[in-house]
Amino acid sequence: MEKRKIPILKSSKAHPLIINKKTSGEKATDILTKYLGSWTFIIIIIFFLISWIILNGILLYENAWDKKPFIMLNLILSCLAALQAPIILMSQNRQAQKDRIRTEYDYAVDRKAEHEIEEIKKQLDKIEEKIDNL
Numbered sequence: 002m003e004k005r006k007i008p009i010l011k012s013s014k015a016h017p018l019i020i021n022k023k024t025s026g027e028k029a030t031d032i033l034t035k036y037l038g039s040w041t042f043i044i045i046i047i048f049f050l051i052s053w054i055i056l057n058g059i060l061l062y063e064n065a066w067d068k069k070p071f072i073m074l075n076l077i078l079s080c081l082a083a084l085q086a087p088i089i090l091m092s093q094n095r096q097a098q099k100d101r102i103r104t105e106y107d108y109a110v111d112r113k114a115e116h117e118i119e120e121i122k123k124q125l126d127k128i129e130e131k132i133d134n135l
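Letter by letter, the sequence shown follows residues 2 to 135 in this note's numbering.
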């Protein structure tokens, strides 16, 4: 793993996560992930599954389009999972990248603060030395 040198911040500029603009793909991924990871989505899927089973398994038993063991339902759920997984992973990868950037920025801010504290300590030492010489 490549080790990068984190510079001391020279100015108080905006946080890098605020500066970076999202691409349209990233925006779409965020919207989909927000929806796919919600209770609303879970309730809709549960309602869909119960409706499918009641409709095909009980009400339309003789004329059902997907008789037990619900092969078409399995296909639909497999396709949904196959599409959901990469979208969720993309969102998680981007969140990990944001966390890394935030950590690097926080480290740079800490280094700048440490540098400023050292400068203040040097100035205090000079003031103390001048007072001692009086």
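Think of the CB as a built atom: it goes at the ideal place given N, C-alpha and C, for glycine as much as any other residue. Only a predicted model underlies this, so the values are computations on that prediction, with no experimental measurement involved.
Item, Value
"Contact check, TRP93 vs LEU37, beta carbons under 8 Å", "Correcting the residue identity first, residue 93 is Gln in this sequence and not Trp. Contact: no."
"Buried or exposed (CB count within 10 angstroms, at least 16 for buried), THR34", "buried"
"Cβ-Cβ distance between LYS57 and PHE42 below 8 Å", "First, the amino acid is wrong: residue 57 is Asn here, not Lys. No. Outside cutoff."
"CB contact flag (ILE88, THR24, <8 Å)", "no"
"Rounded Cβ spacing between LEU78 and ASP67 (contact assumed at less than 8 Å)", "Going by Cβ atoms, the distance from LEU78 to ASP67 rounds to 12 Å, so no, they are not a contact pair."
"Start and end residues, alpha helix (DSSP H) containing GLU105", "72-134"
"Simplified DSSP state of TYR62, which is helix, strand or coil", "coil"
"Residue range of the alpha helix (DSSP H) that includes LEU50", "40-55"
"Cβ neighbours of MET91 in the same chain (closer than 6 Å, five flanking residues each side left out)", "THR30"
"Run of the alpha helix (DSSP H) containing THR30, from where it starts to where it stops", "25-37"
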